[in-house]
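Chemist: For reference, the structure I am asking about is given below.
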Amino acid sequence: MAGYYEAVTAYPEGTSTVSRYAKTAADYGFDGLVVRTRDAEYDADAIADRYGVDVVTGIEVDAESPDSVSGSVGNFREECTLLLVRGGTNALNRYVVEQDRVDVLTRPMAGNGDFNHVLARAAKTHGVRVEFDFGPVLRESGGQRVQALRGLRKLRELVEQYDTPYVVSANATNHFGLRAPRELIALGEQIGFSAEGIETGLEEWGRLAARNRERTDESFIAPGVKRGKYDDG
Amino acid sequence: MKHLPKYIRPRWRYLAVAIESTPDAEIDRGTFQREVWYAAGNLLGDPGSADADLTVYDFAFADGIGEAIVRVRRGETDAARAALACVDTINGEPLGLRVQGVSGTVRACEERYLGRRAGDFEQRHVVFADADRPASARGGAVDVSMPTGFVSATELDFE
């Protein structure tokens, strides 16, 4: 079992360093962290040693148009374990769900972004995870929160219908923004998710990271095929 | 008014809540209670908020960390947890918050879950982002004061 993971924006984009996130995440019962920030400086092994939290190198590409996403995907794919692309416009969402090399489409419903059955199917075909962003639900109020909730509901209905893979995140920009898995599950249940649904979404980060690490391993040739000594275990 | 006979009194659950904010933050019981009710009202609506009750019983906060006991009606703990998760700022300062555990009595709640987050608070200077800056430290966590506000780090970032 992969355990619960959370994806965070670290210093310099956010106001907490990766190690502070790890310290808090360990208290809260997370097993791992995905760092969305490309410029963040950290020593993943030292953090894992000290706090027992698995730190996954991720990059969240934030681009204006599909053209620039395309360039970034090519440049950053090799650099990181998880490649995330921020959605938020219809053109971006459409482009990203059709990219096999992208792992996660984040914040698809932010801003003017929308999602539909075509995108849900495409995301499943190409193995792109869609993110349920709980950030606005946790931190906004009034009209913006209502819009975010409406977006989450629409996305959830599509994801359930087409069996699209997904991840769940509180999208923190400082360590105060983290919430423990049980809190996220309770919140999810209040806004119409199932407890299992949220658990799956939190665990999916870990599963993705494990899969990508295996794929970038030197002994990996193809799924189920690897170089090495015969192992009869 | 005469108190209710025991068998008809409401049953309560007490949530032990750990709170964390910036070292400068000033939070007292009143402001925390207000934010909790506000969050509950927004997430659960007036009927849900009334059902959950969410009264802050015991509250302590100093130098960036604190603890509280929140009383909730039995059977509403999940709704209360969700509402508490939505408390994100108090007086403009960001707030981290976690439900440590749930008990049936205040005393059990205190004994089992509270008073464990010790660690000495100290002011000192650290080198961060190419400059010497004032910071406050406790138990491995270091909050560096930058011109734009606090940046939260740990000892590991200065090794």
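Here the protein sequences come in this chain order: A and B.
Each residue of the first sequence is one higher than the one before, counting from 2 in the working numbering.
Each residue of the second sequence is one higher than the one before, counting from 253 in the working numbering.
Note that beta-carbon positions come from the ideal geometry of N, C-alpha and C, so glycine has one too.
Is residue 361 of chain B close to chain A? Criterion is C-beta to C-beta, closer than 9 Å.
Modeler: The residue labelled residue 361 of chain B in the question sits at position 109 within the second sequence. So no, residue 361 of chain B is outside the interface.
Chemist: Flag this pair as yes or no: are the beta carbons of residue 20 of chain A and residue 51 of chain A separated by less than 9 Å?
Modeler: By one-based count along the first sequence, residue 20 of chain A stands at place 19. By one-based count along the first sequence, residue 51 of chain A stands at place 50. In this structure, residue 51 of chain A lies closer than 9 Å to residue 20 of chain A by Cβ.
Chemist: Does the beta-carbon distance from residue 269 of chain B to residue 351 of chain B come in below 9 Å?
Modeler: The residue you call residue 269 of chain B lines up with position 17 of the second sequence. The residue you call residue 351 of chain B lines up with position 99 of the second sequence. Contact flag set, yes.
Chemist: Would you kindly report the start and end of the unbroken alpha helix (DSSP H) that includes residue 333 of chain B?
Modeler: For the purposes of this step, residue 333 of chain B is taken as the residue at position 81 of the second sequence. Per DSSP, residue 333 of chain B belongs to the alpha helix (DSSP H) from 329-337.
Chemist: So does the segment 96-113 of chain A actually touch the segment 68-85 of chain A, counting three or more Cβ pairs closer than 8 Å?
Modeler: With a cut-off of 8 Å, the segment 68-85 of chain A and the segment 96-113 of chain A count as touching, because enough Cβ pairs lie within range.
Chemist: So that I know if they touch, is there some Cβ in chain A lying closer than 9 Å to that of residue 412 of chain B?
Modeler: Lying outside 253 to 411, the shown extent of chain B, residue 412 of chain B is not represented and no answer is given.
Chemist: State the Cα-Cα distance for the pair residue 154 of chain A and residue 193 of chain A, rounded to the nearest angstrom.
Modeler: To locate residue 154 of chain A, count along the first sequence from 1; it is residue 153. To locate residue 193 of chain A, count along the first sequence from 1; it is residue 192. Approximately 8 Å between the Cα atoms of the pair.
Chemist: Can you tell me which of A/222, A/221 and A/183 puts its alpha carbon nearest to the alpha carbon of residue 203 of chain A?
Modeler: Looking up residue 203 of chain A in the first sequence gives position 202. The candidate whose alpha carbon is nearest that of residue 203 of chain A is A/183.
Chemist: Look at residue 392 of chain B and residue 371 of chain B and say whether their C-beta atoms are less than 9 Å apart.
Modeler: Looking up residue 392 of chain B in the second sequence gives position 140. Looking up residue 371 of chain B in the second sequence gives position 119. Contact: yes.
Chemist: Hey, could you find the ends of the alpha helix (DSSP H) residue 184 of chain A is sitting in?
Modeler: Working through the first sequence from its first residue, we reach residue 184 of chain A at position 183. Note, residue 184 of chain A: alpha helix (DSSP H), 182-191.
Chemist: Taking only the alpha-carbon atoms, compute the straight-line gap between residue 1 of chain A and residue 43 of chain A and give it to the nearest angstrom.
Modeler: The shown model of chain A, from 2 to 234, leaves out residue 1 of chain A, and the question about it has no answer.
Chemist: Residue 346 of chain B touches chain A at which residues, Cβ-Cβ below 8 Å?
Modeler: What you label residue 346 of chain B is simply residue 94 of the second sequence in a count that begins at 1. Within 8 Å Cβ-Cβ: 175, 177 and 178.
Chemist: Alpha carbon to alpha carbon, how far is residue 331 of chain B from residue 271 of chain B?
Modeler: Start at 1 with the first residue of the second sequence, and residue 331 of chain B comes out as number 79. Start at 1 with the first residue of the second sequence, and residue 271 of chain B comes out as number 19. Computed Cα separation, rounded: 19 Å.
Chemist: When the Cα atoms are used, what is the spatial distance from residue 25 of chain A to residue 185 of chain A?
Modeler: Numbered from its first residue, the first sequence carries residue 25 of chain A at position 24. Numbered from its first residue, the first sequence carries residue 185 of chain A at position 184. Each residue's Cα considered, the two are about 15 Å apart.
Chemist: Who are the Cβ neighbours of residue 281 of chain B in its own chain at under 7 Å, not counting the five residues just before and after it?
Modeler: Locating residue 281 of chain B in the second sequence gives position 29, where the first residue counts as 1. Correct list, in chain order: 308 and 311.
Chemist: Which residues bound the alpha helix (DSSP H) around residue 262 of chain B?
Modeler: Position 10 of the second sequence holds residue 262 of chain B. Unbroken run through residue 262 of chain B: none, as it is neither H nor E.
Chemist: Which residues does DSSP list as the beta-bridge partners of residue 375 of chain B?
Modeler: Counting from one through the second sequence, the residue named residue 375 of chain B turns up at place 123. DSSP output for residue 375 of chain B lists B/388 as bridge partner(s).
Chemist: In whole angstroms, give me the CA-to-CA distance for residue 8 of chain A and residue 257 of chain B.
Modeler: Counted from its first residue, the first sequence places residue 8 of chain A at position 7. Counted from its first residue, the second sequence places residue 257 of chain B at position 5. So the alpha carbons of these two residues sit roughly 50 Å apart.
Chemist: Taking DSSP as the reference, what is the three-state secondary structure of residue 207 of chain B?
Modeler: Chain B is shown from 253 up to 411; residue 207 of chain B falls before or after that span and cannot be answered.
Chemist: With a threshold of 7 Å on Cβ separation, who are the neighbours of residue 160 of chain A within its own chain once the five nearest residues in sequence on each side are excluded?
Modeler: Taking the first residue of the first sequence as 1, we reach residue 160 of chain A at position 159. Closer than 7 Å at Cβ, skipping near neighbours: 121, 131 and 167.
Chemist: Please confirm whether residue 103 of chain A has its beta-carbon closer than 9 Å to some beta-carbon of chain B.
Modeler: Taking the first sequence and counting its residues from 1, one reaches residue 103 of chain A at position 102. No, no contact with chain B.
Chemist: State buried or exposed for residue 110 of chain A, treating a residue as buried only when at least 16 other CB atoms are found within 10 Å of its CB.
Modeler: Reading the first sequence from its first residue, position 109 is the one you call residue 110 of chain A. Answer is buried; the Cβ neighbour count reaches 16.
Chemist: Could you check whether the Cβ of residue 343 of chain B sits closer than 9 Å to any Cβ belonging to chain A?
Modeler: Looking up residue 343 of chain B in the second sequence gives position 91. Chain A, which has no Cβ nearer than 9 Å to the Cβ of residue 343 of chain B, makes this no.
Chemist: Exposed or buried, residue 381 of chain B, counting other C-beta atoms within 10 Å across all chains shown (16 or more means buried)?
Modeler: Looking up residue 381 of chain B in the second sequence gives position 129. Residue 381 of chain B should be labelled exposed.
Chemist: For residue 349 of chain B, I'd like the list of residues in its chain whose CB is within less than 8 Å of its CB, leaving aside the five on either flank, ordered along the chain.
Modeler: In the second sequence, counting from the first residue as 1, residue 349 of chain B sits at position 97. So the list reads 269, 270, 271, 272, 336, 337 and 339, once near-sequence residues are dropped.
Chemist: Residues of chain B with CB under 7 Å from residue 12 of chain A, in chain order?
Modeler: As a position in the first sequence, residue 12 of chain A is number 11, starting the count at 1. Within chain B, the residues near residue 12 of chain A are 403.
Chemist: According to DSSP, is residue 212 of chain A helix, strand or coil?
Modeler: Taking the first residue of the first sequence as position 1, residue 212 of chain A is located at position 211. It is helical.
Chemist: Closer than 6 Å by C-beta to residue 124 of chain A: which residues in its own chain qualify, once you throw out the five before and the five after it? Chain order, please.
Modeler: Taking the first sequence and counting its residues from 1, one reaches residue 124 of chain A at position 123. If we look at residue 124 of chain A and ignore the five residues flanking it on each side, its Cβ neighbours are 98, 131 and 165.
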